[in-house]
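K.L.:
Have a look at this one before I ask anything.
There are 2 protein chains.
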Amino acid sequence: MPASKGKKEPVRADARRNLHALLNAAMQVFATSGVDAPVRDIAERAGVGVGTLYRHFPQRSDLIVAVFRKEVDACAAAAATLADQYEPGEALERWLDRFIEFVAAKRGLSAALHSGDPAYEHLPQYLMEHLAPAAAGLLQAAAAAGKVRPDVQPVDLLMGIAHLSSPDGKGSITGESRRMVSLLIDGLRYRPNAAP
Amino acid sequence: MPASKGKKEPVRADARRNLHALLNAAMQVFATSGVDAPVRDIAERAGVGVGTLYRHFPQRSDLIVAVFRKEVDACAAAAATLADQYEPGEALERWLDRFIEFVAAKRGLSAALHSGDPAYEHLPQYLMEHLAPAAAGLLQAAAAAGKVRPDVQPVDLLMGIAHLSSPDGKGSITGESRRMVSLLIDGLRYRPNAAP
DNA sequence: CTTTAATACGGAACATTGTTCCGTTTCGCA
DNA sequence: TGCGAAACGGAACAATGTTCCGTATTAAAG
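Heads up: the protein sequence lines correspond to chains P and B, in order.
By our numbering, the letter at position 6 of the first sequence is numbered 6, and the numbering carries on one by one without gaps.
Each position in the second sequence, counted from 1, maps to that position plus 1000 in our numbering.
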């Protein structure tokens, strides 16, 4: 039995096309102008009318949630790709960088997350359910290769990075934020005896 | 040297009058419709034009902050009044009820508080600086009268009530919320030996 | 009390954005 | 190819934030 997806893909080709165009456009606009960006901006970038946007996403939160899940999925998928392309230690490092970018880009969501709107209340759970396994896989491989300590809990690592990556609340991850995360990552390297 | 107040009272009589009318109107409208209520509603209830509102409070946050401080001050002032009118135990109880009302009415602010807007970042500090002394005075008097335990920290009590009073995030304080707070308050009663 | 200049007021006008509605277009299918 | 259903687009409307300037009010000077 193929599990029925939560979101039902439209049947008609144009509807499917526009749905994906809207998701991509919203992703870009949200990244640029935040999740409160005007509806028209998103519709225009997607090349559709506002009526089409409203048909696919009657509530703004529907669009926000859809974009969020899409990005979580992309971040989780990156884990498998990186695991194929790089040796375990480097794959883990690169994926953590990817995760940091994801967290930093989601800064504008914090207000929505804390707004009490029930539309968002499952998002943290969704994130952990999808990214913890990805992190676990990379951690396990890196640990098996002797690159990192074997006793790191995936959830702890993700939460730690998420917290460290949100120091100012206003956007840039280029500064101390990344340095602090580097410290954290250094902390999980496996060095039983040798000096660097 | 009379310390210069943070907010400068207007010189002209009409300006002062309108300023206070706006604060009172905003207090009512915020309580009814939340802090996102239309500017026109507030101006109309105050009996002034929107231009006047904007002159006194160029940013919405200015008005929100002013109302918040005014209500904190009123809650703090109530402590002195109650201490005069009732014996220590009852004064404390009545003031805690007053504080619960204040916290419940401020529910709509939580989103603003967490929005990252620097305009609000000093409000929690303002609240504690003004209400902790009020609570401390009442607690001390009640403890001296043998009505409550002598080892309760004012800040702990306020924080505890504030947390318990915000269970659902959507308004009503009439239900379990008040019962939980009653439990907390019972917990600080001083009962060395006798049964009630 | 009258004059006067500064200050404040009011609300129409404009700008921005959310939301709906329906004539037109596109699609899948026979 | 023809047809009915589904989807589309964007004008139109509604709600709200913000500005601007002619008018009214005030406090002080004469």
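Cβ coordinates follow ideal geometry from the N, Cα and C atoms, glycine included.
(1) Based on the DSSP output, what are the partners of P:Arg-189 in its beta bridges?
(2) Between which two residues does the alpha helix (DSSP H) containing B:Glu-1009 stretch?
(3) Name, please, each residue of chain B whose Cβ falls closer than 8 Å to the Cβ of P:Ala-111.
(4) Compute the Euclidean distance between the alpha carbons of B:Pro-1038 and B:Ala-1013, then round it to the nearest angstrom.
(5) Quick one: is P:Gly-51 buried, meaning 16 or more other Cβ sit within 10 Å of its Cβ, or exposed?
(6) Indicate whether B:Ala-1141 and B:Ala-1083 have their beta-carbon atoms separated by less than 8 Å.
(7) Who are the near neighbours of P:Ala-143 in its chain, counting only those whose CB is closer than 6 Å to its CB and skipping five residues on each side?
(8) For the candidate residues P:Lys-106, P:Asp-117, P:Glu-93, whose alpha-carbon lies nearest to that of P:Leu-184?
(9) With DSSP as the reference, label P:Pro-118 as helix, strand or coil.
(10) For a test of the three-state rule: what should DSSP assign to P:Ala-37, helix, strand or coil?
(11) Spatial neighbours of P:Lys-70 within its chain, please: C-beta separation below 8 Å, excluding the five flanking residues on both sides.
(12) Let me know the secondary structure DSSP gives B:Gln-1028 once reduced to three states.
(13) Leaving out the 5 sequence neighbours to the left and right, which residues in its chain are closer than 7 Å to B:Lys-1170 when beta-carbon positions are compared?
(14) Tell me whether B:His-1020 is buried or exposed, calling it buried when 16 or more other Cβ atoms sit within 10 Å of its Cβ.
(15) What do you reckon, are the CB atoms on P:Ala-104 and B:Ser-1115 nearer than 8 Å?
(16) Grab the span of the alpha helix (DSSP H) containing B:Leu-1109 for me, first residue to last.
P.N.:
Concretely, from the data shown:
(1) Here residue 189 of chain P corresponds to residue number 189 of the first sequence, with the count starting at 1. Bridge partners of P:Arg-189: P:Val-148.
(2) In the second sequence, counting from the first residue as 1, residue 1009 of chain B sits at position 9. Note, B:Glu-1009: premise wrong, no alpha helix (DSSP H); not H, not E.
(3) As a first step, residue 111 of chain P must be located in the first sequence, where it is residue number 111. Here the neighbours are Ala-1111, His-1114, Ser-1115, Gly-1116.
(4) As a working mapping, residue 1038 of chain B is identified with position 38 in the second sequence. As a working mapping, residue 1013 of chain B is identified with position 13 in the second sequence. In a straight line, the C-alpha of B:Pro-1038 is about 27 Å away from that of B:Ala-1013.
(5) As a first step, residue 51 of chain P must be located in the first sequence, where it is residue number 51. With fewer than 16 other Cβ atoms inside 10 Å of its own Cβ, P:Gly-51 counts as exposed.
(6) For this step, residue 1141 of chain B is matched to residue 141 along the second sequence. For this step, residue 1083 of chain B is matched to residue 83 along the second sequence. Contact: yes.
(7) Translated into positions along the first sequence, residue 143 of chain P becomes position 143. Hits under 6 Å: Pro-150.
(8) Within the first sequence, residue 184 of chain P is the residue found at index 184, counting from 1. Just measuring C-alpha positions, the residue of P:Lys-106, P:Asp-117, P:Glu-93 sitting nearest P:Leu-184 is P:Glu-93.
(9) Against the first sequence, residue 118 of chain P aligns to sequence position 118. P:Pro-118 sits in a helix when the DSSP states are folded into three classes.
(10) The residue given as residue 37 of chain P occupies position 37 in the first sequence. P:Ala-37 falls in the coil class under three-state DSSP.
(11) The residue you call residue 70 of chain P lines up with position 70 of the first sequence. Cβ within range, chain order: Leu-23, Met-27.
(12) Here residue 1028 of chain B corresponds to residue number 28 of the second sequence, with the count starting at 1. Helix.
(13) By one-based count along the second sequence, residue 1170 of chain B stands at place 170. Low confidence applies to B:Lys-1170: its pLDDT is 42, below 50, so where it sits in the model is not reliable, and the reading given next is rough at best. For B:Lys-1170, where only same-chain residues beyond five positions count, there are no Cβ hits under 7 Å.
(14) In the second sequence, residue 1020 of chain B corresponds to position 20, counting from 1. Label assigned to B:His-1020: exposed.
(15) Position 104 of the first sequence, counted from the first residue, corresponds to residue 104 of chain P. Position 115 of the second sequence, counted from the first residue, corresponds to residue 1115 of chain B. No, the pair does not count as a contact, with Cβ atoms beyond the cut-off.
(16) Start at 1 with the first residue of the second sequence, and residue 1109 of chain B comes out as number 109. Here the alpha helix (DSSP H) through B:Leu-1109 covers 1109-1113.
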